[in-house]
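Engineer: So the protein lines, in turn, are chains F and W. For the first sequence, UniProt numbering gives the first residue as 1, with consecutive numbering after it. For the second sequence, UniProt numbering gives the first residue as 1, with consecutive numbering after it. Backbone N, C-alpha and C fix where the C-beta goes; we use that ideal spot for every residue, glycine too.
There are 2 protein chains.
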Amino acid sequence: MTKKHRNGEISEFDRELSAGTAGGRAVGDVILGIDGGTTSTTCVCLPFLHPHSLHLPDSLPLLARVEAGCSNHNSVGETAARETLEQVMAEALSKSGLDLSAVRAICLSISGVNHPTDQQRILNWFRDKFPSHVKLYVRNDAAAALASGTMGKLSGCVLIAGTGSIAYGFTDDGREARAAGAGPILGDWGSGYGISAQALTAIIRAHDGRGPQTKLTNSILQTLGLSSADELIGWTYADQSWARIAALVPAVVACAEAGDEVANNILQDSVKELALSVTAVVQRLGLCGSDGKGSFPLVMVGGVLEGNKGWGIAQEVINCISKDYPGVVPIWPKVEPAIGAALLAWNFLKDCEQE
Amino acid sequence: MTKKHRNGEISEFDRELSAGTAGGRAVGDVILGIDGGTTSTTCVCLPFLHPHSLHLPDSLPLLARVEAGCSNHNSVGETAARETLEQVMAEALSKSGLDLSAVRAICLSISGVNHPTDQQRILNWFRDKFPSHVKLYVRNDAAAALASGTMGKLSGCVLIAGTGSIAYGFTDDGREARAAGAGPILGDWGSGYGISAQALTAIIRAHDGRGPQTKLTNSILQTLGLSSADELIGWTYADQSWARIAALVPAVVACAEAGDEVANNILQDSVKELALSVTAVVQRLGLCGSDGKGSFPLVMVGGVLEGNKGWGIAQEVINCISKDYPGVVPIWPKVEPAIGAALLAWNFLKDCEQE
Chain F
1 MTKKHRNGEI SEFDRELSAG TAGGRAVGDV ILGIDGGTTS TTCVCLPFLH
51 PHSLHLPDSL PLLARVEAGC SNHNSVGETA ARETLEQVMA EALSKSGLDL
101 SAVRAICLSI SGVNHPTDQQ RILNWFRDKF PSHVKLYVRN DAAAALASGT
151 MGKLSGCVLI AGTGSIAYGF TDDGREARAA GAGPILGDWG SGYGISAQAL
201 TAIIRAHDGR GPQTKLTNSI LQTLGLSSAD ELIGWTYADQ SWARIAALVP
251 AVVACAEAGD EVANNILQDS VKELALSVTA VVQRLGLCGS DGKGSFPLVM
301 VGGVLEGNKG WGIAQEVINC ISKDYPGVVP IWPKVEPAIG AALLAWNFLK
351 DCEQE
Chain W
1 MTKKHRNGEI SEFDRELSAG TAGGRAVGDV ILGIDGGTTS TTCVCLPFLH
51 PHSLHLPDSL PLLARVEAGC SNHNSVGETA ARETLEQVMA EALSKSGLDL
101 SAVRAICLSI SGVNHPTDQQ RILNWFRDKF PSHVKLYVRN DAAAALASGT
151 MGKLSGCVLI AGTGSIAYGF TDDGREARAA GAGPILGDWG SGYGISAQAL
201 TAIIRAHDGR GPQTKLTNSI LQTLGLSSAD ELIGWTYADQ SWARIAALVP
251 AVVACAEAGD EVANNILQDS VKELALSVTA VVQRLGLCGS DGKGSFPLVM
301 VGGVLEGNKG WGIAQEVINC ISKDYPGVVP IWPKVEPAIG AALLAWNFLK
351 DCEQE
């Protein structure tokens, strides 16, 4: 097991390992980690190593990885969400050559879990499916994202900035807090959607005389195959999917890198918004100690925070947060959130067995 | 005919006038004015006074007024838009005890008419319905709104701020320009929707620690019957109709009047946005002469610009515009836009017959 796995990729080595050993496994020796999002749901199956001997390996011995559609009950309803979760778990076990009896613990980290009632509802769906010794944990999807950076420790802060944006923090003593994540109408201006919507607005303002000229006009009209700014209105309202609009972020970054001041200001505003959502969470939870100088991990997740070369949004966010909280330790996860969920289950189980 | 009519109301006097004289009218002696919006369509029928003897009367001799649904072809499609327009014209004539042969001119001032092709399409719908001597005029709905304040003169600027916002300007020599009016995704922050969305955002920011506390929280949660700011997210996305969100403007104004700084800042920003949309149009069209000091009418239309007592958004907008353009002459229309459309037809006809 010396090969490294990035983002849950399954190596040939592991396939062989899985095929060769699964038949002989004892009951109660795997863990399922589920990252349930609004776009897709991923389930991974990992062998359970005894908690006392647990040293997180460089290489995770992934037995199976399965993907399916949305499992956010707010988006698709309870029945569809439940069926999707059942399906990915069954497939992950089947691919591993196992059945339900092999499961030791499951962490379901699901988008749309915001209240204890959401948590309880999902627990109720699955409690009877598994023997009572199987541990079930239900968390928000932010928990898996954080754990993917902290290798299973539910402590610190995670900033997710893709189509939407949210900051989520957890303390060692079980408190949690979130900021932003309320969608575009409620002002998630740091998100990919927010950046792109402001770029489109800047084009309209340049066109009608309310704002300065900008390279965004040519760049985005060309990207969209439109011939004038007037046509942008029809394009925008023809399909208001947030992801479609958020997909324009690379064009905004390219214009900022080419020295366009309007694009640069939009990215600067986005940086301030993202940093503010993190500092609000850090402040409320006291994540950096009473003197504000304690260190805390900040896991960075999502397309907006991934490697831009010239204009590094993620690095600017870190610089901005550092001014208030010099102890911030940024982490770019090396594994995907579903692995984070499995590692959470692993750690919960360890804590549970140590008590 | 001494009674005054406000906003197109029909007095008993006029009903009698209509009933007593319509049967005896000569062919070619009425004008139809149509204000076609996204929410509703209004058609008024007025008697035609000979252009050379035209002095706009204090009292408009309204023969009929008819209302129907949407006639914006972008919203309901061409067939439905056309049928609605045919229906209101037929009903207005029928109520006046007349038929198509009585029509001298029609002005259709329709939302969604943005290009010469839109204009031509609507002309084509109706050209064959009427004898060739009947004059047909098609304009954007902003033209009727302007004319409702200038009593039929298509010259100056109109600012419309209701659910959405737009500034539209027309010059004596036939040029026109618009600013804003691109909807919420494209940043109409001065509109009723814009004001309310920013108020909702401010509540979320106060709740998650990103912004200062504000009276908006209690005021708006109470208005909506919600018990916590968390519930606002569900409320907002359950029904994203722009008008439903814009309906919160009175609560924002009340908080600003009660001294809330957050609400006050939102209204100040709205004022700047609305003023900027007007000054952009004035600048582009040169509406105030080469020295910037010439006078021009600014017709103020829509719920956001109607009488607030303590916090007068409309007056603040005028003050803001006056700094750049001291010649601005604000007008609050005394008649509705459909009457404005009829007056436009009247004036077009006068110009046409004088040539």
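Can you name the residues of chain F whose CB is closer than 8 Å to the CB of tyrosine 237 of chain W?
Structural biologist: Numbered from its first residue, the second sequence carries residue 237 of chain W at position 237. The answer, in chain order, is Gly183 and Ile185.
Engineer: Under 8 Å, with one C-beta from each stretch per pair, do the stretch 265-283 of chain F and the stretch 189-203 of chain F reach the 3-pair mark?
Structural biologist: With three or more CB-CB distances shorter than 8 Å, the stretch 265-283 of chain F counts as touching the stretch 189-203 of chain F.
Engineer: Thinking C-beta only, is alanine 341 of chain W closer than 8 Å to residue 392 of chain W?
Structural biologist: Outside the displayed span of chain W (1 to 355) sits residue 392 of chain W, for which this structure offers no information.
Engineer: Please go through the same chain and pick out, in chain order, the residues whose beta-carbon is closer than 8 Å to the beta-carbon of valine 76 of chain W, but skip the five residues on each side of it.
Structural biologist: Sequence index remark: in the second sequence, residue 76 of chain W carries index 76 (1-based). Only Gly69, Cys70 and Thr84 meet the Cβ criterion.
Engineer: Can you tell me which residues form a DSSP beta bridge with cysteine 45 of chain F?
Structural biologist: In the first sequence, counting from the first residue as 1, residue 45 of chain F sits at position 45. Paired residues: F/Leu32 and F/Ala64.
Engineer: Run through chain F and tell me which residues come within less than 7 Å of threonine 201 of chain W, C-beta to C-beta.
Structural biologist: Counting from 1 along the second sequence, the entry for residue 201 of chain W is found at position 201. Per Cβ cutoff of 7 Å: Leu186 and Gly187.
Engineer: Check whether the stretch 241-254 of chain F touches the stretch 287-294 of chain F, counting contact only when three or more Cβ pairs, one atom from each stretch, lie closer than 8 Å.
Structural biologist: no
Engineer: In this structure, does DSSP put isoleucine 160 of chain W in helix, strand or coil?
Structural biologist: The residue given as residue 160 of chain W occupies position 160 in the second sequence. Strand at isoleucine 160 of chain W.
Engineer: Nearest to glycine 37 of chain W by CA position, among W/Leu62, W/Leu49, W/Ile31 and W/Val88, is which residue?
Structural biologist: The sequence position of residue 37 of chain W within the second sequence is 37, counting from 1. Out of W/Leu62, W/Leu49, W/Ile31 and W/Val88, W/Val88 has the C-alpha closest to the C-alpha of glycine 37 of chain W.
Engineer: Within the same chain, show all residues whose beta-carbon is closer than 7 Å to that of aspartate 99 of chain F, passing over the 5 residues directly before and after it, in chain order.
Structural biologist: Taking the first residue of the first sequence as 1, we reach residue 99 of chain F at position 99. Cβ neighbours of aspartate 99 of chain F beyond the five flanking positions: Leu93.
Engineer: Does the contact criterion of 3 or more C-beta pairs under 8 Å hold for the stretch 106-115 of chain W versus the stretch 319-327 of chain W?
Structural biologist: no
Engineer: Can you check which of these residues, W/Lys334, W/Leu298, W/Glu176 and W/Val103, is closest to alanine 161 of chain W by C-alpha distance?
Structural biologist: Taking the first residue of the second sequence as 1, we reach residue 161 of chain W at position 161. That would be W/Leu298, whose Cα lies nearest to the Cα of alanine 161 of chain W.
Engineer: Considering only residues of the same chain and omitting the five flanking positions on each side of residue 435 of chain W, which have a CB-CB separation below 6 Å?
Structural biologist: As displayed, chain W neither begins before 1 nor continues past 355, which places residue 435 of chain W out of reach and without an answer.
Engineer: Identify whether glycine 23 of chain F lies in helix, strand or coil by the three-state DSSP scheme.
Structural biologist: Translated into positions along the first sequence, residue 23 of chain F becomes position 23. Note that glycine 23 of chain F scores a pLDDT of 44, beneath 50, so its modelled location is shaky and nothing firm can be said.
Engineer: Are the stretch 144-151 of chain F and the stretch 120-131 of chain F in contact at 8 Å, needing three or more beta carbon pairs?
Structural biologist: Too few Cβ pairs lie closer than 8 Å, so no.
Engineer: On the CB-based measure, 16 or more other CB atoms within 10 Å of its CB, does arginine 139 of chain F come out buried or exposed?
Structural biologist: Position 139 of the first sequence, counted from the first residue, corresponds to residue 139 of chain F. Buried.
Engineer: Count the C-beta pairs between the stretch 246-264 of chain W and the stretch 203-217 of chain W that are closer than 8 Å, then say yes if the count reaches three, no if not.
Structural biologist: yes
Engineer: Out of W/Gly211, W/Phe126 and W/Leu123, which one is the CA nearest neighbour of threonine 279 of chain F?
Structural biologist: Sequence index remark: in the first sequence, residue 279 of chain F carries index 279 (1-based). Cα-wise, what sits closest to threonine 279 of chain F is W/Gly211.
Engineer: By how many angstroms is the C-alpha of leucine 349 of chain W removed from the C-alpha of leucine 54 of chain W?
Structural biologist: The residue labelled residue 54 of chain W in the question sits at position 54 within the second sequence. The residue labelled residue 349 of chain W in the question sits at position 349 within the second sequence. Model confidence at leucine 54 of chain W stands at a pLDDT of 47, short of 50, so the residue's coordinates are unreliable and nothing is read from them.
Engineer: For leucine 344 of chain W, collect the residues of the same chain with a Cβ closer than 8 Å to its Cβ; drop the 5 residues on either side in sequence, then sort them by chain order.
Structural biologist: Taking the second sequence and counting its residues from 1, the one referred to as residue 344 of chain W is at position 344. Excluding residues within five positions, the ones whose Cβ falls inside 8 Å are Gly33, Cys107, Ser109, Tyr137, Arg139, Ala143, Ala144, Ala147, Gly152 and Leu154.
Engineer: Note down the Cα distance separating aspartate 172 of chain F from alanine 338 of chain F, rounded to an integer number of angstroms.
Structural biologist: Start at 1 with the first residue of the first sequence, and residue 172 of chain F comes out as number 172. Start at 1 with the first residue of the first sequence, and residue 338 of chain F comes out as number 338. Whole-angstrom Cα-Cα distance: 21 Å.
Engineer: Among the candidates W/Gly303, W/Gln283 and W/Val304, whose CA atom is the shortest distance from the CA of glycine 294 of chain W?
Structural biologist: Taking the first residue of the second sequence as position 1, residue 294 of chain W is located at position 294. Among W/Gly303, W/Gln283 and W/Val304, the Cα nearest to that of glycine 294 of chain W is on W/Gln283.
Engineer: Locate the beta strand (DSSP E) running through serine 241 of chain W, then write down its first and last residues.
Structural biologist: Walking along the second sequence from the start, residue 241 of chain W turns up at place 241. From DSSP, serine 241 of chain W is part of no beta strand (DSSP E); its letter is neither H nor E.
Engineer: Which residues in the same chain as aspartate 351 of chain W place their Cβ atom closer than 6 Å to its Cβ, once the five residues preceding and following it in sequence are excluded?
Structural biologist: Start at 1 with the first residue of the second sequence, and residue 351 of chain W comes out as number 351. The answer is none, since no qualifying residue turns up.
Engineer: Thinking isoleucine 233 of chain W and leucine 159 of chain F are a contact (beta carbons under 8 Å), I'd like their distance in whole angstroms, please.
Structural biologist: As a working mapping, residue 233 of chain W is identified with position 233 in the second sequence. As a working mapping, residue 159 of chain F is identified with position 159 in the first sequence. That belief does not hold up - the Cβ atoms of isoleucine 233 of chain W and leucine 159 of chain F are roughly 19 Å apart, past 8 Å.
Engineer: Is the distance from the Cβ of glycine 181 of chain F to the Cβ of isoleucine 166 of chain F below 8 Å?
Structural biologist: Taking the first residue of the first sequence as position 1, residue 181 of chain F is located at position 181. Taking the first residue of the first sequence as position 1, residue 166 of chain F is located at position 166. Against a cut-off of 8 Å, the Cβ pair of isoleucine 166 of chain F and glycine 181 of chain F comes out as a contact.
Engineer: Enumerated in chain order, which unbroken segments of the beta strand (DSSP E) with a length of 3 residues or greater are wholly contained in the stretch 174-206 of chain W?
Structural biologist: If only uninterrupted beta strand (DSSP E) runs of at least 3 residues are considered, those enclosed by the stretch 174-206 of chain W are 176-180.
Engineer: Return the CA-CA distance between aspartate 188 of chain W and tryptophan 189 of chain F, expressed in angstroms with no decimal places.
Structural biologist: Numbered from its first residue, the second sequence carries residue 188 of chain W at position 188. Numbered from its first residue, the first sequence carries residue 189 of chain F at position 189. Answer to the nearest angstrom: the Cα atoms are 15 Å apart.
Engineer: Alpha carbon to alpha carbon, what distance is there between threonine 236 of chain F and arginine 121 of chain W?
Structural biologist: For the purposes of this step, residue 121 of chain W is identified with residue 121 of the second sequence, where counting begins at 1. For the purposes of this step, residue 236 of chain F is identified with residue 236 of the first sequence, where counting begins at 1. Answer to the nearest angstrom: the Cα atoms are 24 Å apart.
Engineer: Between W/Asp118, W/Ile31, W/Pro184 and W/His73, which has its C-alpha nearest arginine 65 of chain W's C-alpha?
Structural biologist: The count along the second sequence starts at 1 and reaches residue 65 of chain W at position 65. Looking from the CA of arginine 65 of chain W, the closest CA among W/Asp118, W/Ile31, W/Pro184 and W/His73 belongs to W/Ile31.
Engineer: Any C-beta of chain F within less than 8 Å: which residues of the stretch 206-225 of chain W qualify?
Structural biologist: Of all residues in the stretch 206-225 of chain W, those with a C-beta nearer than 8 Å to a C-beta of chain F are Asp208, Gly209 and Arg210, reading in chain order.
Engineer: Compute the Euclidean distance between the alpha carbons of leucine 221 of chain F and valine 252 of chain F, then round it to the nearest angstrom.
Structural biologist: Mapped onto the first sequence, residue 221 of chain F falls at position 221. Mapped onto the first sequence, residue 252 of chain F falls at position 252. Each residue's alpha carbon lies about 12 Å from the other.
Engineer: Beta carbon of alanine 177 of chain W, beta carbon of glycine 169 of chain W: below 8 Å?
Structural biologist: As a first step, residue 177 of chain W is located in the second sequence; it is residue number 177 there, counting from the start. As a first step, residue 169 of chain W is located in the second sequence; it is residue number 169 there, counting from the start. Taking 8 Å as the Cβ cut-off, alanine 177 of chain W and glycine 169 of chain W qualify as a contacting pair.
Engineer: Please list the partners that leucine 276 of chain W has in chain F, where partner means a Cβ-to-Cβ separation under 8 Å.
Structural biologist: In the second sequence, the residue the question calls residue 276 of chain W occupies position 276. Under the 8 Å cutoff, chain F gives Arg210.
Engineer: So glutamine 268 of chain W contacts chain F; which residues on that side make the cut at Cβ distance below 7 Å?
Structural biologist: Here residue 268 of chain W refers to the residue found at position 268 of the second sequence. Chain F residues near glutamine 268 of chain W: none, gap ~17 Å exceeds 7 Å.
Engineer: Could you check whether phenylalanine 296 of chain W and alanine 156 of chain W sit closer than 8 Å to each other, using their CB atoms as the reference points?
Structural biologist: Locating residue 156 of chain W in the second sequence gives position 156, where the first residue counts as 1. Locating residue 296 of chain W in the second sequence gives position 296, where the first residue counts as 1. Here residue 156 of chain W is glycine; the residue named in the question, alanine, does not match the sequence. Using a Cβ distance threshold of 8 Å, glycine 156 of chain W and phenylalanine 296 of chain W count as a contacting pair.
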